[in-house]
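Data block below; observations after.
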Amino acid sequence: MLSIKNLHVSAAGKQILTGVNLEVKAGEVHAIMGPNGSGKSTLAQLLAGREGYEVTAGTATYRGKDLLALAPEERAREGVFLAFQYPVEIPGVNNVYLLKAGLNAIRKHRGQSELDAFEFLALVREKMKLMQMSETFLNRGVNEGFSGGEKKRNEILQMAVLEPALALLDETDSGLDIDALRVVAEGVNSLRSSERAIVMVTHYQRLLDYIEPDHVHVLSGGKILKSGDKSLALELEKRGYDWVKQEAAAA
Amino acid sequence: MSAIATKTAPAAERYRTLFDSRFRGQDGLTSLRRAALEHFLATGFPTQRDENWKYTNLRRLESRNFVPAEAGPVAPDESQWIANTGARIVLVNGHCMPSLSSAAPQPPGVTVVTLSRWIANQPDEVAAFLAKAAAGLPATALESLNTAFLEDGVAIEIADGVALDQPIYVIHQWTGGTASLPMSHPRIVVRAGRNSRVAIIEHYLGAHDVETFTNAVVTLDLGSGAHVHHYRLQQESLRGFHVGNARVKLDRDSRYTSHDIALGASISRVNITAQLQGQGADASLRGLFIPDGTQHLDTQTRVEHIAARTTSNEEYRGVADGKGRGVFNGKVIVQAGAQKIDSRQSSRNLLLSPTAEIDTKPELEIYANDVKCSHGATTGQLDTASLFYLRSRGISEVEARALLIRAFAESILGTIEHAPVRDYLERRLHERFARIVEAAGVSP
Chain A
8 MLSIKNLHVS
18 AAGKQILTGV
28 NLEVKAGEVH
38 AIMGPNGSGK
48 STLAQLLAGR
58 EGYEVTAGTA
68 TYRGKDLLAL
78 APEERAREGV
88 FLAFQYPVEI
98 PGVNNVYLLK
108 AGLNAIRKHR
118 GQSELDAFEF
128 LALVREKMKL
138 MQMSETFLNR
148 GVNEGFSGGE
158 KKRNEILQMA
168 VLEPALALLD
178 ETDSGLDIDA
188 LRVVAEGVNS
198 LRSSERAIVM
208 VTHYQRLLDY
218 IEPDHVHVLS
228 GGKILKSGDK
238 SLALELEKRG
248 YDWVKQEAAA
258 A
Chain B
14 MSAIATKTAP
24 AAERYRTLFD
34 SRFRGQDGLT
44 SLRRAALEHF
54 LATGFPTQRD
64 ENWKYTNLRR
74 LESRNFVPAE
84 AGPVAPDESQ
94 WIANTGARIV
104 LVNGHCMPSL
114 SSAAPQPPGV
124 TVVTLSRWIA
134 NQPDEVAAFL
144 AKAAAGLPAT
154 ALESLNTAFL
164 EDGVAIEIAD
174 GVALDQPIYV
184 IHQWTGGTAS
194 LPMSHPRIVV
204 RAGRNSRVAI
214 IEHYLGAHDV
224 ETFTNAVVTL
234 DLGSGAHVHH
244 YRLQQESLRG
254 FHVGNARVKL
264 DRDSRYTSHD
274 IALGASISRV
284 NITAQLQGQG
294 ADASLRGLFI
304 PDGTQHLDTQ
314 TRVEHIAART
324 TSNEEYRGVA
334 DGKGRGVFNG
344 KVIVQAGAQK
354 IDSRQSSRNL
364 LLSPTAEIDT
374 KPELEIYAND
384 VKCSHGATTG
394 QLDTASLFYL
404 RSRGISEVEA
414 RALLIRAFAE
424 SILGTIEHAP
434 VRDYLERRLH
444 ERFARIVEAA
454 GVSP
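Order-wise, the sequence lines are chains A and B.
Take any residue in the first sequence, note its place counting from 1, add 7, and you have its number in our numbering.
Take any residue in the second sequence, note its place counting from 1, add 13, and you have its number in our numbering.
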């Protein structure tokens, strides 16, 4: 589904990614771990189309298309979704309006009919139940006045409604207490399917107790230094990241 | 001084000639007019040397040979009017048209008088009435010009304790087909009795591509405990000049709320002065100006806390595109002895193009020591993080931009209590912002 080859990216003249290689297949859940400043969030945001990065070498191919050539909204309509580390508050733009406009833009792109207000509300209500969110959130401004945990739930709610093929979760566990983490993880797990891939960027192993990855990668210094299965995450939890760096340096 | 005199002389002569050919009576109103004319001629059109006119240049207005407008043969375009309002008073090219007006059944205690009819019958009484309404307020040159040439408008009186459910809607509509360069100096006088409730809508509508000059004066006198909502919608022709003056006096515990929306005109200047004269009075001034193309839209507010324990809250938003220019100058004055004042002011502005400009200037003059006054002003562009967030959910760039601009304007429109006015403006702005972002050439 997603194939990243030798990706080099800089921002404001500073090299952030220095040759990332990653293969993600449908049905897989990947976790990208790494110390702060390793380039994890850059990778997630770049794949979703955030401006301000320069790709100096390499490619990212998504379902056979050059992902990096697409506008952010085109990526979304092709099935890419980014759950933001810091969801933006947009007073004056209604939460439910954003969801409906986004969903219908995506459905239109897929050649599906747009949902009317009733069909849409029924769908959203069902997903809100899953995320244990009160309906009062719907008619508020996008993320306006939401607590940290509410914002993260709202991200996963959006993901549940938009049903992406490739979900990128950027530090979705940060700022969540254990109950909120469980709800968010249940939301994500409910979306696991053989047609969908999930790439989680996270600093801590904690999230992986709830969302079990098939593959774990260590991103450090702008490169993936080591890949393994979920046991690698546990080892990182115990030993930190330095041994991976040393191992890579020795190789 | 001689430079000023030389510059204004031709315009002054023109206005004197116009006046002499038009107003020859011996009545009290003519005397009032003549005194106002002399004040206008002595003072002249404001220039940018005047601090209050620093950003707005009226030379183009001054150079045009505007003449008092005639009623005109062309039927107005009613599609631009707000539906579902209460009593409607329609001025076409500055002249009241009873056939287009609809005096909805008014409860007892509401008096609406057309000034032209009153002037024709009792000019001395009108003169006394106008003098009383303006008492204590030194007129500006443009207000004096209004008094000198005023021919029509409306006087509205709400008796003590009377509450109107529906607003009183005053339309000032230009049509084509009049003499070239028509001008109008309408007057609206509102007296809201003690504990009365009323909403007034002033709506200025231009005729497409016609060069016009509107110089309106509105005075609102709020008795103790009165609540007045004042909507001011300016949609003049893009070739039009618009000057609007609102003078508001607030007695004890009265409440004044204004929504001042400037969308049209080539050059527009609105002055709103609110004098909080009685304890417990509260003024909320909200406004939105959206210059586009080469429009120049200027708003000046002046809130005078004269009595103690008075409050004011101002929120103005500007959105400028193209080579549009917006100006907001909000002055708050707290007079000596006016203690326990709470005054807030916020001016936020959005620039949509590199050639657009907004000048915002909060001014505080405080002569008391126990007061709480705050102000803030920001000018910036659309937030890129918000744009990216919306687009990452599948929303096109065009729509994302339009959504964010609308959201910005909504912080003002959302506070409009009268739904037909709010809906009307939201529809107009929806269309306008869609045009703005499409014209920007952003790929859909």
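From the three backbone atoms N, C-alpha and C, an ideal C-beta is built for every residue, glycine too.
Quick caveat: nothing in here was measured; it's all calculated off a predicted structure.
Quick one: give me the first and last residue of the beta strand (DSSP E) that residue i is part of.
{"i": "D216 (chain A)", "result": "Per DSSP, D216 (chain A) belongs to no beta strand (DSSP E); it is in the alpha helix (DSSP H), R213 to Y217."}
{"i": "P195 (chain B)", "result": "P195 to S197"}
{"i": "Y182 (chain B)", "result": "I181 to Q186"}
{"i": "V87 (chain B)", "result": "Per DSSP, V87 (chain B) belongs to no beta strand (DSSP E) and is neither H nor E."}
{"i": "N228 (chain B)", "result": "F226 to L235"}
{"i": "K67 (chain B)", "result": "Premise fails: K67 (chain B) is in no beta strand (DSSP E) and is neither H nor E."}
{"i": "F302 (chain B)", "result": "D295 to F302"}
{"i": "P98 (chain A)", "result": "I97 to N101"}
{"i": "N13 (chain A)", "result": "L9 to A18"}
Would you check if the distance between the CB atom of residue i and the CB atom of residue j is smaller than 8 Å?
{"i": "R330 (chain B)", "j": "L301 (chain B)", "result": "yes"}
{"i": "G236 (chain B)", "j": "D273 (chain B)", "result": "no"}
{"i": "L175 (chain A)", "j": "G156 (chain A)", "result": "no"}
{"i": "V13 (chain B)", "j": "I201 (chain B)", "result": "Residue 13 (chain B) is absent from the model: chain B starts at 14 and stops at 457."}
{"i": "G343 (chain B)", "j": "E327 (chain B)", "result": "yes"}
{"i": "L77 (chain A)", "j": "T68 (chain A)", "result": "no"}
{"i": "A278 (chain B)", "j": "L289 (chain B)", "result": "no"}
{"i": "L110 (chain A)", "j": "L122 (chain A)", "result": "yes"}
{"i": "L417 (chain B)", "j": "S399 (chain B)", "result": "yes"}
{"i": "D334 (chain B)", "j": "A369 (chain B)", "result": "yes"}
Could you tell me the distance, in whole angstroms, from the CA atom of residue i to the CA atom of residue j?
{"i": "N43 (chain A)", "j": "E85 (chain A)", "result": "30 Å"}
{"i": "L173 (chain A)", "j": "E35 (chain A)", "result": "10 Å"}
{"i": "A381 (chain B)", "j": "S359 (chain B)", "result": "21 Å"}
{"i": "V123 (chain B)", "j": "S129 (chain B)", "result": "19 Å"}
{"i": "Y28 (chain B)", "j": "R361 (chain B)", "result": "39 Å"}
{"i": "V175 (chain B)", "j": "R210 (chain B)", "result": "6 Å"}
{"i": "A7 (chain B)", "j": "A49 (chain B)", "result": "There is simply no residue 7 (chain B) to check, as chain B begins at 14 and stops at 457 in what is shown."}
{"i": "H52 (chain B)", "j": "Y104 (chain A)", "result": "55 Å"}
{"i": "L462 (chain B)", "j": "G99 (chain B)", "result": "One cannot answer for residue 462 (chain B) here, as it falls past the ends of chain B, which runs 14 to 457."}
{"i": "N97 (chain B)", "j": "R419 (chain B)", "result": "24 Å"}
{"i": "V183 (chain B)", "j": "I169 (chain B)", "result": "11 Å"}
{"i": "I449 (chain B)", "j": "A192 (chain A)", "result": "42 Å"}
{"i": "T30 (chain B)", "j": "P195 (chain B)", "result": "16 Å"}
{"i": "R114 (chain A)", "j": "N208 (chain B)", "result": "55 Å"}
{"i": "E162 (chain A)", "j": "I205 (chain A)", "result": "14 Å"}
{"i": "G247 (chain B)", "j": "W187 (chain B)", "result": "Checking the displayed sequence, the identity of residue 247 (chain B) turns out to be Gln instead of Gly. Looking at the two C-alpha atoms, the distance is approximately 12 Å."}
{"i": "K145 (chain B)", "j": "E156 (chain B)", "result": "15 Å"}
{"i": "R101 (chain B)", "j": "S92 (chain B)", "result": "14 Å"}
{"i": "P120 (chain B)", "j": "L177 (chain B)", "result": "8 Å"}
Beta-carbon of residue i versus every beta-carbon of chain B: anything under 8 Å?
{"i": "I113 (chain A)", "result": "yes"}
{"i": "R70 (chain A)", "result": "no"}
{"i": "R147 (chain A)", "result": "no"}
{"i": "I97 (chain A)", "result": "yes"}
{"i": "R84 (chain A)", "result": "yes"}
{"i": "G44 (chain A)", "result": "no"}
{"i": "R117 (chain A)", "result": "no"}
{"i": "F127 (chain A)", "result": "no"}
{"i": "V100 (chain A)", "result": "yes"}
{"i": "E80 (chain A)", "result": "yes"}
{"i": "A76 (chain A)", "result": "no"}
Counting only beta-carbon separations shorter than 8 Å, does residue i have a partner in chain A?
{"i": "I95 (chain B)", "result": "no"}
{"i": "F58 (chain B)", "result": "no"}
{"i": "T21 (chain B)", "result": "At T21 (chain B) the pLDDT is 46, less than 50, meaning the model places this residue with poor confidence; the figure from the coordinates comes in the next sentence. No, its Cβ sits nowhere closer than 8 Å to a Cβ of chain A."}
{"i": "T406 (chain B)", "result": "Per the sequence presented here, residue 406 (chain B) reads as Arg, with Thr not at that position. Closer than 8 Å: yes."}
{"i": "F446 (chain B)", "result": "no"}
{"i": "A420 (chain B)", "result": "yes"}
{"i": "A398 (chain B)", "result": "yes"}
{"i": "E439 (chain B)", "result": "no"}
{"i": "S360 (chain B)", "result": "no"}
{"i": "L104 (chain B)", "result": "no"}
{"i": "E328 (chain B)", "result": "no"}
Spell out the partners DSSP gives residue i in its beta bridges.
{"i": "P375 (chain B)", "result": "B:G343"}
{"i": "S356 (chain B)", "result": "B:S325 and B:C386"}
Just checking residue i against the ligand NAP - is the residue's beta carbon closer than 7 Å to any of the ligand's heavy atoms?
{"i": "L77 (chain A)", "result": "Judged by which ligands are present, the structure shown has none, so any question about the ligand NAP falls away."}
Quick one: give me the first and last residue of the alpha helix (DSSP H) that residue i is part of.
{"i": "A212 (chain B)", "result": "That residue, A212 (chain B), is in no alpha helix (DSSP H); its beta strand (DSSP E) goes R210 to L218."}
{"i": "D249 (chain A)", "result": "D249 to A257"}
{"i": "H318 (chain B)", "result": "It is not in any alpha helix (DSSP H) - H318 (chain B) instead sits in the beta strand (DSSP E) that spans H309 to H318."}
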